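Structure, as structure tokens:
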Ligand code: COS
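Numbering (the numbering used here), first residue to last: 307 to 691.
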């Protein structure tokens, strides 16, 4: 398909990441899934290619390609390996972005620059055992003590948690206020005394992506590592998730395109009743439905990315992207498995891995039920579309 809306530079990004995915990522995807680990060399190669700071401005060590560039990258990586794509995503769109949004110049130079270069890996630590969808009801506390804050508590299901060098941590500084002024964001290097990694989760999908429990015991963080203003951490988390949700839409788009390509190929090759199954109208309809959804996904991902790059507010749009792209990804991967039938169910084919990997996209960075809330609140607040 002609991607006429992209600039020459953006087409080059796509070409570069596509080559990288074909050469370095896809061949390792099954192994990454089985061994539940991203090889360090792959992370190093990704960093060499500038993937870990593709959206971050050049002045902070990134490539400066913005959200459109980031979505192109996520799309292309997601053709190959969801575990690797989500490792990059958790680092960049929700690990780096909180610092880019609210960090001081000094914080950006100290923390963001090495993160954007891929020298230090980031993570975003919001979720707790009792605070998932209701992210405002955190229990991790940060108590002021002179020039420091002392942090106690724990986080669960943190993507990159066990391999990150820098974690953006959200903790309660004023329990009487909750989401409205009671939560503060902190920049936490993972070698800080009092920081430890607990359980590493075993998962249904994205098995190569690291998902960890984080524990903080009397962890002392200087005020210079408070991100943004004390009490404004919840807003920082929500603004960050606007970016994260858009990126997940791009990941869903790339994985869905891969499913369509494999399904078209299989439908042309697989013969039953003496002819390719692509001759059957029902299979043609399945392919047409997949392609129609992909076209809509592509349109909304890049329209929303353009809004983000233009500095417009895009919370409702990114919630819409997350909701529809990940729901449709679920339908598309299911259709791909149906078209491949018995073959698709076998573990030597990538379809079953894509099927397992897709499922988390409707859950993390705000369940799809939460996306309905974000969309509805915005409509009611504005009193219209
Ligand atoms: N951008 C800027 N500010 C935002 C914002 C956004 N996208 N979303 C909310 N805020 C602000 C609100 O304007 C409000 O500000 P005031 O205190 O000035 O009024 C504040 O943040 C609190 O917002 P709200 O009242 O909507 O908070 P709720 O506790 O009702 O939570 C939901 C709202 C449910 C939408 C939120 O908790 C959420 O997104 N939950 C899912 C969390 C999630 O994605 N978890 C996954 C973690 S990563 S795997």
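Backbone N, C-alpha and C define an ideal beta-carbon position, used for all residues, glycine too. A quick note: this is a predicted structure, and the numbers were derived from the prediction, not measured.
Check: Expressed to the nearest angstrom, what Euclidean distance is found between the alpha-carbon atoms of residue 638 and residue 630?; Outcome: 12 Å
Check: As a quick exercise: from 560, 358 and 575, pick the residue whose alpha carbon is nearest that of residue 703.; Outcome: Any answer about residue 703 is impossible in this case: the structure gives the chain only from 307 up to 691.
Check: Can you say whether residue 647 is buried or exposed, counting buried as having 16 or more other CB atoms within 10 angstroms of its CB?; Outcome: exposed
Check: Could you round the C-beta distance between residue 459 and residue 477 to whole angstroms and report it? I think they count as a contact, below 8 Å.; Outcome: 7 Å
Check: Please classify residue 317: is it buried, with 16 or more other beta-carbons within 10 angstroms of its beta-carbon, or exposed?; Outcome: exposed
Check: Can you tell me whether DSSP reads residue 454 as helix, strand or coil?; Outcome: strand
Check: Give me the residue from 462, 566 and 348 with the minimum Cα distance to residue 261.; Outcome: Outside the displayed range of the chain (307 to 691) lies residue 261, so it cannot be described from this structure.
Check: Are the region 543-558 and the region 619-633 touching by the rule of at least three beta carbon pairs closer than 8 Å?; Outcome: yes
Check: Please name the residue in 402, 651, 627 and 633 whose C-alpha comes closest to that of residue 680.; Outcome: 627
Check: Given 7 Å as the limit, tell me if residue 544 has its C-beta closer than that to any heavy atom belonging to the ligand COS.; Outcome: yes
Check: Taking only heavy atoms of the ligand COS into account, decide whether any of them is closer than 7 Å to the Cβ of residue 441.; Outcome: yes
Check: Got a sec, what are the start and stop residues for the beta strand (DSSP E) residue 526 sits in?; Outcome: 517-528
Check: For residue 610, is the beta carbon positioned less than 7 Å from some heavy atom of the ligand COS?; Outcome: no
Check: How far does the beta strand (DSSP E) with residue 492 in it extend, from its first residue to its last?; Outcome: 489-495
Check: Can you name, in chain order, every residue of its own chain whose Cβ lies under 7 Å from the Cβ of residue 495, other than the five neighbours on each side?; Outcome: 471 and 472
Check: From the DSSP output, read off the bridge partner residues of residue 586.; Outcome: Paired residue(s): none; residue 586 is not in a bridge.
Check: Grab the span of the beta strand (DSSP E) containing residue 348 for me, first residue to last.; Outcome: Counting along the chain, residue 348 falls outside any beta strand (DSSP E), though it belongs to the alpha helix (DSSP H) covering 346-354.
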